[in-house]
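Chemist: One structure, pasted below without further comment.
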Amino acid sequence: MNPNPPLEARKEHLAAQKDLLNKQIAEIRSQLAYIFEGKEFSINPKTGKVEHRFGQLEIDAVDKEFIADFEKRLQEIYKQLEEIK
Numbered sequence: 257m258n259p260n261p262p263l264e265a266r267k268e269h270l271a272a273q274k275d276l277l278n279k280q281i282a283e284i285r286s287q288l289a290y291i292f293e294g295k296e297f298s299i300n301p302k303t304g305k306v307e308h309r310f311g312q313l314e315i316d317a318v319d320k321e322f323i324a325d326f327e328k329r330l331q332e333i334y335k336q337l338e339e340i341k
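If you read the sequence shown in my numbering, its first letter stands for residue 257, the second for the next number, and so on.
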């Protein structure tokens, strides 16, 4: 018998929440890959900022808005992940 079921339940909940947040990051990554036309980019987990190493790709205003929205969502996700640790 488990002497501390609420703690185990909490750990399972946090693990599930962490998994969900990581899936959200993966979904955002795939959407960003489409915007960046498959070119290399990274996401800074401390800031949630999207960083890329190319200047020649023209990114239109709509895509810039999408990127800004993604960055806001990423900041929230990384903050939640940090709270789980």
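Backbone N, C-alpha and C define an ideal beta-carbon position, used for all residues, glycine too.
These numbers were taken from a predicted model, which means no experiment stands behind them.
Given Tyr270, which residues of its chain have a CB within under 7 angstroms of its CB, disregarding the five upstream and five downstream residues?
Modeler: Checking the sequence, you will find Leu at residue 270 rather than Tyr. Within the same chain, Leu270 has close Cβ partners Ile340.
Chemist: Can you tell me which residues form a DSSP beta bridge with Glu338?
Modeler: For Glu338, which the question treats as bridged, DSSP gives no partner whatsoever.
Chemist: Counting Cβ pairs closer than 8 angstroms, one from the stretch 322 to 329 and one from the stretch 282 to 292, do we hit at least three?
Modeler: Segments in contact, yes.
Chemist: Counting C-beta neighbours from all protein chains within 10 Å, is the total for Val318 16 or more, i.e. buried, or is it exposed?
Modeler: Looking at its Cβ environment, which holds fewer than 16 other Cβ atoms inside 10 Å, Val318 is exposed.
Chemist: Applying the criterion that 16 or more other CB atoms from any shown protein chain within 10 Å of the CB defines a buried residue, is Ile284 buried or exposed?
Modeler: Buried: at least 16 other Cβ atoms inside 10 Å.
Chemist: Taking 8 angstroms as the threshold (C-beta atoms), are Ile299 and Val306 in contact?
Modeler: Cβ distance < 8 angstroms, so Val306 and Ile299 count as in contact.
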